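**Student:** What follows is a single structure, and I will ask about it in a moment.
Number of protein chains: 2
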Amino acid sequence: MKLLLAEDEVDMSEALVDILTFHKYTVDAVYDGEEAYDYASLGNYDGIILDIMMPKKDGLTVLKELRKEGCQTPILMLTAKSEIEDKVAGLDLGADDYLAKPFSMDELLARLRAMLRRREKSIATELTCGNVSLNQQTFELKVKDEGIILPKLEFQVMEMFMLNQDMYISADNILEKVWGYDTDAEISTVWVYISYLRKKLAQLGADVEIQAKRNIGYRLEKK
Amino acid sequence: MKLLLAEDEVDMSEALVDILTFHKYTVDAVYDGEEAYDYASLGNYDGIILDIMMPKKDGLTVLKELRKEGCQTPILMLTAKSEIEDKVAGLDLGADDYLAKPFSMDELLARLRAMLRRREKSIATELTCGNVSLNQQTFELKVKDEGIILPKLEFQVMEMFMLNQDMYISADNILEKVWGYDTDAEISTVWVYISYLRKKLAQLGADVEIQAKRNIGYRLEKK
DNA sequence: TTTTTTAAGGTATAATTAAGGTTAAATAAT
DNA sequence: ATTATTTAACCTTAATTATACCTTAAAAAA
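Residue numbers (my numbering), protein chains in the order written: chain A, 1 to 223; chain B, 1 to 223.
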């Protein structure tokens with residue numbers, strides 16, 4: 001789970017990053033509203049924690065702008081206890097939850113869990129390339145109406161290709177991303193998986209294939 | 001919109017009833033936990049406002065019992081500002097939102113609006129998939145005219161499958177949702193329940209079955 | 001009793017290894 | 001400049017190993 005934390009008080013921010021990281025979230029920290037908006041609008045976060053009082057652009061404005069441009073990432077607002085009108089405004093502007101400072105870490109974590117869980121089911125992402133689609137929920141690799149469900153590692157490798165179209169990805173890179181930077185697995189394992197994916201793509205009649213560029217890497221290409 | 005208000009301080013309760021009524025809600029007021037539970041379990045409210053501190057049965061217990069029985073009515077918890085552990089417990093027990101006293105009426109109304117909006121779409125009493133139906137009131141699993149009443153946990157697991165059709169649900173996810181995120185139960189317990197449900201689906205002649213996908217999860221599929 | 005949990009052994013599928021084959025690119029020979 | 005040789009990167013299959021998942025049965029709890 002990847003989170004964006006927008007909080008201008010450095011001490012507070014660092015404490016939050018520590019605790020969230022400990023609880024297995026990946027966290028990007030930003031320190032003002034403009035940064036918050038820029039990062040959030042990239043759209044690759046699972047959740048956003050947004051302080052209301054921030055330099056350059058306040059949290060409510062960021063919230064409003066993000067929602068206006070169609071951003072659906074769940075957002076948890078933070079603010080000082082007294083600003084009750086902000087709470088009302090925030091909830092009506094489309095914030096998913098609200099937390100008054102000071103708060104306990106347990107409560108923050110509980111609210112985060114609840115918030116992320118609520119949105120979990122309503123995101124059905126599907127990557128496509130040529131006549132091939134890859135469903136990130138069901139791990140289904142599909143061409144036209146025929147599809148098969150990929151095993152976990154095959155899915156992760158395929159996902160890398162779909163997410164980095166027209167980029168060459170080295171086998172080493174795949175090994176590090178999918179198997180982890182400290183894996184014991186050998187590079188040939190990646191070759192095996194490439195081979196499996198090729199077979200399945202061909203079997204489904206895909207109009208793309210995994211091409212190797214010697215000494216450089218692999219990428220998906222139109223046939 | 002019909003609301004249940006469980007709040008033991010009479011002055012507070014009457015004030016809330018007035019304001020909610022003014023805002024076009026229909027409100028039933030009760031003054032202790034047992035009444036709250038009895039009324040709420042009728043299942044004909046659009047939302048419940050539940051004070052934690054109440055005579056006879058406290059709000060958290062009421063919440064827990066309601067959720068355990070499959071009640072899905074959105075619930076907003078109220079409590080005195082300091083009881084932070086209650087907030088955490090409440091959110092994890094399935095409360096939809098939380099409000100600390102004292103609060104402004106505006107905030108209450110905003111939170112109510114947000115909460116009711118979230119649940120608006122999901123009001124159905126009988127779920128179906130293929131020739132199988134699951135009654136959320138009676139816990140009856142039925143194929144054609146033959147049916148059996150499921151035990152509570154089997155029902156909750158089955159309900160997850162019915163509510164998330166064509167989505168894979170991991171055993172961990174089921175464990176967290178049905179048994180609670182802090183349960184001591186082991187993952188194998190989920191396997192046992194899946195096994196029971198499969199047997200019952202087969203016995204009834206269902207045209208759907210619970211399919212497992214290694215490392216991904218389970219889902220209902222047409223045979 | 002009925003429901004829930006634990007325990008244990010079995011099965012199927014996914015992940016990895018091993019081994020032999022193929023091919024692209026670099027270099028050397030013509 | 002062309003061809004041959006070599007090398008290492010890449011490919012594939014098949015066999016092995018690991019482990020997620022299943023089921024049953026019995027014990028415990030409600």
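Positions of the beta carbon are idealized from the N, C-alpha and C atoms, including for glycine. Bear in mind the structure is a predicted one, so any value in this text is a computation, not a measurement.
Would a check of beta-carbon distances place Tyr218 of chain A closer than 8 Å to chain B?
**Tutor:** Translated into positions along the first sequence, residue 218 of chain A becomes position 218. Not one chain B Cβ lies under 8 Å of Tyr218 of chain A.
**Student:** Give the DSSP-derived three-state secondary structure of Tyr31 of chain A in the structure shown.
**Tutor:** Residue numbering aside, residue 31 of chain A sits at position 31 when the first sequence is read from its first letter. Reduced to three states, the DSSP call for Tyr31 of chain A is coil.
**Student:** When you compare only the Cα positions, how much space is there between Ile149 of chain A and Glu140 of chain A?
**Tutor:** For the purposes of this step, residue 149 of chain A is taken as residue 149 along the first sequence, with counting starting at 1. For the purposes of this step, residue 140 of chain A is taken as residue 140 along the first sequence, with counting starting at 1. Ile149 of chain A and Glu140 of chain A: Cα-Cα distance of roughly 4 Å.
**Student:** Please list the terminal residues of the continuous beta strand (DSSP E) segment that includes Gly147 of chain B.
**Tutor:** For the purposes of this step, residue 147 of chain B is identified with residue 147 of the second sequence, where counting begins at 1. Where Gly147 of chain B is concerned, the enclosing beta strand (DSSP E) stretches over 146-149.
**Student:** When the Cβ atoms of the segment 156-170 of chain A are set against those of the segment 11-18 of chain B, are three or more pairs found closer than 8 Å?
**Tutor:** The answer is no - the segment 11-18 of chain B does not touch the segment 156-170 of chain A, with fewer than three Cβ pairs under 8 Å.
**Student:** Under three-state DSSP, which class holds Glu140 of chain A?
**Tutor:** In the first sequence, the residue the question calls residue 140 of chain A occupies position 140. It is a strand residue.
**Student:** In three-state DSSP terms, what is Gln165 of chain A?
**Tutor:** Residue 165 of chain A sits at position 165 when you count from the first residue of the first sequence. Looking at Gln165 of chain A - three-state DSSP - the assignment turns out to be coil, as it is neither helix nor strand.
**Student:** With a threshold of 8 Å between beta carbons, is Ser122 of chain A in contact with chain B?
**Tutor:** On the first sequence, residue 122 of chain A is found 122 positions in, with the first residue counted as 1. The predicted model places Ser122 of chain A with a pLDDT of 46, which falls under 50 and marks its position as unreliable; any figure quoted below should be read in that light. No, Ser122 of chain A lies away from the interface with chain B (no Cβ there is under 8 Å from its Cβ).
**Student:** Residues of chain A with a CB under 9 Å from the CB of Arg214 of chain B: which are they?
**Tutor:** As a working mapping, residue 214 of chain B is identified with position 214 in the second sequence. Neighbours of Arg214 of chain B on chain A, chain order: Pro151, Lys152.
**Student:** Closer than 7 Å between beta carbons: that is the criterion. Which residues of the segment 89-117 of chain B meet it against chain A?
**Tutor:** Answer in chain order: Leu91, Asp92, Ser104, Asp106, Glu107, Ala110, Arg111, Ala114.
**Student:** Spatial neighbours of Ser170 of chain B within its chain, please: C-beta separation below 6 Å, excluding the five flanking residues on both sides.
**Tutor:** Along the second sequence, read from residue 1 onward, the residue named residue 170 of chain B stands at position 170. Here the set comprises Gly217.
**Student:** Report back the beta-carbon spacing between Gly94 of chain A and Leu50 of chain A to the nearest angstrom; my notes put them in contact at under 8 Å.
**Tutor:** If you number the first sequence from 1, residue 94 of chain A lands on position 94. If you number the first sequence from 1, residue 50 of chain A lands on position 50. Their Cβ separation, rounded to whole angstroms, is 12 Å, which puts Gly94 of chain A and Leu50 of chain A out of contact at 8 Å.
**Student:** For Ala212 of chain B, which three-state DSSP category applies?
**Tutor:** Locating residue 212 of chain B in the second sequence gives position 212, where the first residue counts as 1. Note: Ala212 of chain B maps to strand in three-state DSSP.
**Student:** Taking the C-alpha atoms as reference points, what is the distance between Glu126 of chain B and Asp97 of chain A?
**Tutor:** Numbered from its first residue, the second sequence carries residue 126 of chain B at position 126. Numbered from its first residue, the first sequence carries residue 97 of chain A at position 97. For Glu126 of chain B and Asp97 of chain A, the distance between alpha carbons rounds to 30 Å.
**Student:** Taking DSSP as the reference, what is the three-state secondary structure of Glu221 of chain B?
**Tutor:** Start at 1 with the first residue of the second sequence, and residue 221 of chain B comes out as number 221. DSSP places Glu221 of chain B in strand when its eight states are reduced to three.
**Student:** Under 8 Å, do Leu112 of chain B and Leu76 of chain B count as touching if we go by C-beta distance?
**Tutor:** Taking the second sequence and counting its residues from 1, one reaches residue 112 of chain B at position 112. Taking the second sequence and counting its residues from 1, one reaches residue 76 of chain B at position 76. Taking 8 Å as the Cβ cut-off, Leu112 of chain B and Leu76 of chain B qualify as a contacting pair.
**Student:** Can you give me the Cβ contacts of Ser188 of chain A inside the same chain, cut-off strictly under 6 Å, excluding the 5 residues immediately before and after it?
**Tutor:** Walking along the first sequence from the start, residue 188 of chain A turns up at place 188. The answer is none, since no qualifying residue turns up.
**Student:** Using the beta-carbon of each residue, which ones in chain A are nearer than 7 Å to Tyr25 of chain B?
**Tutor:** Along the second sequence, read from residue 1 onward, the residue named residue 25 of chain B stands at position 25. Neighbours of Tyr25 of chain B on chain A: none; closest Cβ ~17 Å, over 7 Å.
**Student:** Expressed to the nearest angstrom, what Euclidean distance is found between the alpha-carbon atoms of Tyr196 of chain B and Leu153 of chain B?
**Tutor:** As a position in the second sequence, residue 196 of chain B is number 196, starting the count at 1. As a position in the second sequence, residue 153 of chain B is number 153, starting the count at 1. Going from the Cα of Tyr196 of chain B to the Cα of Leu153 of chain B covers about 11 Å.
**Student:** In chain order, what residues of the same chain lie with their CB nearer than 6 Å to the CB of Ile19 of chain B, ignoring the 5 residues before and after it?
**Tutor:** Here the question's residue 19 of chain B lines up with position 19 in the second sequence. Taken in chain order, the residues that qualify are Met105.
**Student:** How many angstroms separate the CA atom of Tyr37 of chain A from the CA atom of Val10 of chain A?
**Tutor:** As a working mapping, residue 37 of chain A is identified with position 37 in the first sequence. As a working mapping, residue 10 of chain A is identified with position 10 in the first sequence. Going from the Cα of Tyr37 of chain A to the Cα of Val10 of chain A covers about 18 Å.
**Student:** Assuming Thr79 of chain B is part of the beta strand (DSSP E), what are its boundary residues?
**Tutor:** Counting from 1 along the second sequence, the entry for residue 79 of chain B is found at position 79. Looking at the DSSP string, the run of the beta strand (DSSP E) that includes Thr79 of chain B is 75-80.
**Student:** So Tyr25 of chain A and Met1 of chain A are in contact, right, with Cβ under 8 Å, and what is the actual spacing, rounded?
**Tutor:** As a first step, residue 25 of chain A must be located in the first sequence, where it is residue number 25. As a first step, residue 1 of chain A must be located in the first sequence, where it is residue number 1. Correct: roughly 5 Å between the Cβ atoms.
**Student:** Whose Cβ in chain B lies nearer than 8 Å to the Cβ of Phe139 of chain A?
**Tutor:** On the first sequence, residue 139 of chain A is found 139 positions in, with the first residue counted as 1. By Cβ distance, chain B contributes Tyr168, Lys213, Ile216.
**Student:** For Cys129 of chain A versus Leu220 of chain A, is the C-beta distance shorter than 8 Å?
**Tutor:** Here residue 129 of chain A is taken as the residue at index 129 of the first sequence, counted from 1. Here residue 220 of chain A is taken as the residue at index 220 of the first sequence, counted from 1. Their beta carbons are under 8 Å apart, which means Cys129 of chain A touches Leu220 of chain A by this criterion.
**Student:** Quick one: does the C-beta of Asp8 of chain A sit closer than 7 Å to a heavy atom of the ligand GDP?
**Tutor:** Absent from the structure shown: the ligand GDP. Ligands present: none.
**Student:** Going by alpha carbons, who is nearest to Leu78 of chain A out of A:Ile52, A:Gly43, A:Thr61, A:Lys57?
**Tutor:** Stepping through the first sequence from its first residue, residue 78 of chain A is reached at position 78. Considering only alpha carbons, the answer is A:Ile52.
**Student:** Reducing DSSP to helix, strand and coil, say where Thr183 of chain B ends up.
**Tutor:** Start at 1 with the first residue of the second sequence, and residue 183 of chain B comes out as number 183. In this structure, Thr183 of chain B counts as coil in the three-state DSSP scheme.
**Student:** Taking the CB atoms as reference points, tell me whether Gly59 of chain B and Leu116 of chain B lie closer together than 8 Å.
**Tutor:** The residue labelled residue 59 of chain B in the question sits at position 59 within the second sequence. The residue labelled residue 116 of chain B in the question sits at position 116 within the second sequence. No, Cβ-Cβ distance for Gly59 of chain B and Leu116 of chain B is not below 8 Å.
**Student:** Quick check on the burial criterion: 16 or more other C-beta atoms within 10 angstroms. Buried or exposed for Gly33 of chain A?
**Tutor:** Within the first sequence, the letter at position 33 stands for residue 33 of chain A. By the 10 Å Cβ count, Gly33 of chain A comes out buried.
**Student:** Among residues of its own chain, excluding the 5 on either side of Gly147 of chain B, which ones have a beta-carbon nearer than 7 Å to its beta-carbon?
**Tutor:** Start at 1 with the first residue of the second sequence, and residue 147 of chain B comes out as number 147. Excluding positions up to five away in sequence, the list reads Glu140, Leu141.
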